[in-house]
DNA sequence: ATGCTCTGCTAAATCAGTTTAGCGACCACT
DNA sequence: AGTGGTCGCTAAACTGATTTAGCAGAGCAT
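What follows is the structure, encoded as structure tokens:
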């Protein structure tokens, strides 16, 4: 790679000036007294030689690499990770930085390795990302420099970026109230583990809280709450069937995520009920399947791209210690209608 | 980041030896005549100081960075990208390398920028990845060093990694034949653009070829072939409805990808037909929804993780010029059954 | 005593930049 | 004539590693 690249010395020689002069001109240093002609000669020489600085050499002196480490626990298992990374990549490019990406797979040994690997490469800062919104403790090794937590918080008071799950909960509840749903709203996806252990999830509790708050303000309480061991389609399916076997049929269903909603759709289809005429469905995440479902599923989008972007901005500009919340926009789709009758 | 890290000079001083000695010991150089005691002292000093070499400094001298660039056109829009990256990350870690990831978004300016950014950082090689299997021309700038094409080929005869779509086509056809399907197999997802322009897709043509070949060997030809403008659920839905409106109902459907199959499921559901009793469905890709569908969808998996891994191996070990094909395993699921009657 | 080899180690160059300190020429002023 | 300041530029140090060339001392043979 990069054999026979021109060096600064080559440029200087060709311009008939010293390395010092060439360096100063190319870095646009203010206050140097180099002549306009010298500037021209350096620029011309650099242009002709296709000069590009060797960043390894530069960073040896300046201790800046224009490189950010993106350390995450698990990227592959969730389809959202791509958006997180994309947002970070975009913001990084805008600021002339580049991303060194590593994955720990939740394994302490791998994490240790990943962190050493990026620190050895003198990265300017670390974005420590979690794929499920949760609380975690960051390894001490990275505390020597700037760190931003992405989709996570820590007890250390480090700057962090989180989706506004509580706001999304309020938003979802408000959307149903607005349509006239009141006493027949059921919830699918309660989960003690997710709600009670912030190291597992912060989203479940926040969403639930937001929903309850807005319903409470309208003096409405939930018709039913189904617990699910996981937030997967099969659990949504089972929960929906359970709900339909009860005497009072719900007019609207809130699912804690789109995969549950997908399962709920399957159960509704089998029961011969149509969405949204018989039952409205609304959910969280905006998984790609939400738009593919028939009818398309209303949901609040996890703003992963925005979050990725924000994390880079926070890292490079320095950010406040309190978590930076990113709004989860409501995607109004076909699965919403006023209650029947 | 990395303030007050111990340097090699610190280690040497503490061990009471020269930098040269320390460097040689820590690099495990053979043939040096340093005493066992010197070795011990260096190791001890390094351990005590928590010494880690500064890779920027090292690579300035050695022109090796143990860093690989992963340049892709678009990562975010496809859920598969994560697997490609994960495989590459795993293989890279096993070989003590790290990945610098950039994205061009199919934009020439961004691509130029991305390539300069990674070359400036002296990467040891470039993995040039495409998110849709296709043919492309790589920018001349990266030809100065090792390059591997991932999910793509180029006319330059560079080493490349591709999924075995043709094999998958054969495999899909064979699975149906094996169950007894013969004269009522229909295909959803023909697409001229994808089939005829290798710069758009190599998969469509290869899959079709594989299917035709195996069916042909059994003297079977397709009952119908539906063209689709895109491979999205809505197109699969429309195609399935069209098929069902014809006099002869198919006994099995091959969809060119899982999203089409998802749409086909929706149409089958509406028509009151059940999978697999009335109609078998089989597909390509192994999108996560394939496993979530009811009944679960049989499909051939795109081996993205394997491919990512292979690309790193090829890059570091040097690879043959002919494309390295990675098998697409068949996932047998509930959507397959012998033809009715 | 001299020359030779071998052992165990180090000084210094090198990689490609940035940065500090300062040099010589020219001008103005007293 | 001497002094001081500005202008335009450069030599050399520095970053933290690797690597080349070679030095001092011991052991041995002649």
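Residue numbers (my numbering), protein chains in the order written: chain A, 29 to 369; chain B, 29 to 369. Don't be surprised by glycine CBs; every beta carbon is placed ideally from N, CA and C. Bear in mind the structure is a predicted one, so any value in this text is a computation, not a measurement.
Quiz prompt | Beta-bridge pairing of residue 180 (chain B) - partner residues as DSSP gives them | solution = In the DSSP secondary-structure assignment, residue 180 (chain B) is bridged to B:162.
Self-check item: Rounded straight-line distance, which links the Cα of residue 88 (chain B) to that of residue 88 (chain A)
Solution: Taking the straight line joining both Cα atoms gives about 9 Å.
Self-check item: Local conformation of residue 248 (chain A) per DSSP, three classes
Solution: Taken through DSSP and simplified to helix, strand or coil, residue 248 (chain A) comes out as coil.
Exercise. Taking residue 261 (chain A) as part of the alpha helix (DSSP H), name the residues at either end of that continuous run.
Key: Looking at the DSSP string, the run of the alpha helix (DSSP H) that includes residue 261 (chain A) is 261-272.
Quiz item: Any idea what DSSP makes of residue 218 (chain B), helix, strand or coil?
Solution: The answer is strand: DSSP assigns residue 218 (chain B) an E or B state.
Practice problem: Taking only the alpha-carbon atoms, compute the straight-line gap between residue 245 (chain B) and residue 252 (chain B) and give it to the nearest angstrom. | Solution: Counting only the Cα atoms, residue 252 (chain B) lies some 18 Å from residue 245 (chain B).
Quiz item: Name the chain B residues that come within less than 8 Å of residue 141 (chain A), Cβ to Cβ?
Solution: Under the 8 Å cutoff, chain B gives 121.
Quiz prompt | Residue environment, residue 140 (chain A), which counts as buried when at least 16 other CB atoms sit within 10 Å | solution = Around the beta carbon of residue 140 (chain A), fewer than 16 other beta carbons lie within 10 angstroms, which makes this residue exposed.
Quiz item: In three-state terms, what does DSSP make of residue 253 (chain A)?
Solution: Here DSSP, grouped into helix, strand and coil, assigns residue 253 (chain A) to strand.
Quiz item: In this structure, does DSSP put residue 337 (chain B) in helix, strand or coil?
Solution: Here residue 337 (chain B) sits in helix by DSSP.
Quiz item: So, helix, strand or coil for residue 108 (chain B), using DSSP?
Solution: Looking at residue 108 (chain B) - three-state DSSP - the assignment turns out to be coil, as it is neither helix nor strand.
Exercise. Starting from residue 354 (chain B), follow the beta strand (DSSP E) in both directions and report where the run begins and ends.
Key: Run containing residue 354 (chain B): 352-354, per the beta strand (DSSP E) assignment.
Practice problem: Please name the residue or residues paired with residue 128 (chain A) in a DSSP beta bridge. | Solution: Residue 128 (chain A) has A:97 and B:128 as its beta-bridge partners, per DSSP.
Quiz item: What is the DSSP secondary structure of residue 102 (chain A), reduced to helix, strand or coil?
Solution: Shown here, residue 102 (chain A) sits in coil according to DSSP, grouped into three states, outside any helix or strand.
Quiz item: Using a C-beta cutoff of 8 Å, does residue 268 (chain B) count as contacting chain A?
Solution: Proximity of residue 268 (chain B) to chain A, defined by a Cβ-Cβ separation below 8 Å, is not satisfied.
Practice problem: With DSSP as the reference, label residue 201 (chain A) as helix, strand or coil. | Solution: Of the three classes helix, strand and coil, the one that applies to residue 201 (chain A) here is helix, per DSSP.
Exercise. Might you give, ordered along the chain, the residues of its own chain that have their beta carbon closer than 7 Å to the beta carbon of residue 346 (chain B), omitting 5 neighbours on each side?
Key: Sequence-distant Cβ neighbours of residue 346 (chain B) in its own chain, meaning closer than 7 Å and more than five residues away, do not exist here.
Practice problem: Quickly, what does DSSP pair residue 280 (chain A) with across the bridge? List them, please. | Solution: For residue 280 (chain A), which the question treats as bridged, DSSP gives the partners A:213 and A:308.
Quiz item: In angstroms, rounded to a whole number, what distance separates the CA positions of residue 320 (chain B) and residue 112 (chain B)?
Solution: So the two alpha carbons sit approximately 22 Å from each other.
Practice problem: Out of A:327, A:267 and A:266, point me to the one whose CA is closest to residue 285 (chain A)'s CA. | Solution: Closest option to residue 285 (chain A), Cα to Cα, is A:327.
Exercise. Please list, in chain order, all residues of the same chain as residue 362 (chain B) whose beta carbon is under 6 Å from its beta carbon, the five residues on each side excluded.
Key: Sequence-distant Cβ neighbours of residue 362 (chain B) in its own chain, meaning closer than 6 Å and more than five residues away, are 323 and 324.
Quiz item: Per DSSP, what kind of secondary structure is residue 359 (chain B) in: helix, strand or coil?
Solution: Three-state result, residue 359 (chain B): strand.
Exercise. Run the CB neighbour count on residue 32 (chain B), radius 10 Å, all protein chains shown included, and call it buried at 16 or more, exposed below.
Key: Counting Cβ neighbours within 10 Å, residue 32 (chain B) comes out exposed, since fewer than 16 surround it.
Self-check item: Start and end residues, beta strand (DSSP E) containing residue 316 (chain B)
Solution: Element bounds for residue 316 (chain B): not the beta strand (DSSP E) but the alpha helix (DSSP H), 316-320.
Self-check item: Bridge partner(s) assigned by DSSP for residue 155 (chain B)
Solution: Answer is B:98 and B:176.
Quiz prompt | Exposed unless 16 or more other CB atoms sit within 10 angstroms - verdict on residue 194 (chain A) | solution = Buried: at least 16 other Cβ atoms inside 10 Å.
Self-check item: Contacts of residue 68 (chain A) in chain B (Cβ-Cβ under 7 Å)
Solution: Here the premise fails: no neighbours, minimum Cβ distance about 23 Å.
Exercise. Kindly list, in the order they appear in chain B, the residues whose Cβ is closer than 7 Å to that of residue 359 (chain A).
Key: Residues of chain B with a Cβ closer than 7 Å to the Cβ of residue 359 (chain A) do not exist, since the nearest Cβ in that chain sits about 17 Å away.
Quiz prompt | Inter-residue Cα distance where the pair is residue 239 (chain B) and residue 198 (chain B) | solution = Rounded to the nearest angstrom, the two C-alpha atoms are 5 Å apart.
Exercise. Find the nearest neighbour of residue 76 (chain B) within the set B:82, B:83 and B:68, judged by alpha-carbon distance.
Key: Residue 76 (chain B) has its Cα closest to that of B:68, out of B:82, B:83 and B:68.
Self-check item: At least three beta-carbon pairs within less than 8 Å, the segment 123-134 of chain B to the segment 329-337 of chain B
Solution: The answer is no - the segment 329-337 of chain B does not touch the segment 123-134 of chain B, with fewer than three Cβ pairs under 8 Å.
Practice problem: Run down chain B in chain order and give the residues with a C-beta less than 9 Å from the C-beta of residue 93 (chain A). | Solution: From the beta-carbon of residue 93 (chain A), the residues of chain B found nearer than 9 Å are 29, 84 and 149.
Quiz item: Among B:172, B:315, B:162 and B:191, which one has its Cα closest to the Cα of residue 183 (chain B)?
Solution: B:162 is the residue among B:172, B:315, B:162 and B:191 whose C-alpha sits nearest the C-alpha of residue 183 (chain B).
Exercise. Can you grab the Cα-Cα spacing for the pair residue 82 (chain B) / residue 35 (chain A), in whole Å?
Key: So the two alpha carbons sit approximately 22 Å from each other.
Quiz item: Is it true that the CB of residue 290 (chain B) sits closer than 8 Å to the CB of residue 317 (chain B)?
Solution: Annotated as proximal: residue 317 (chain B) and residue 290 (chain B), with beta-carbon spacing under 8 Å.
Quiz item: For residue 356 (chain B), which option in B:134, B:249, B:56 and B:231 has the closest C-alpha, if you only look at C-alpha atoms?
Solution: If we check each option's Cα against that of residue 356 (chain B), B:231 comes out closest.
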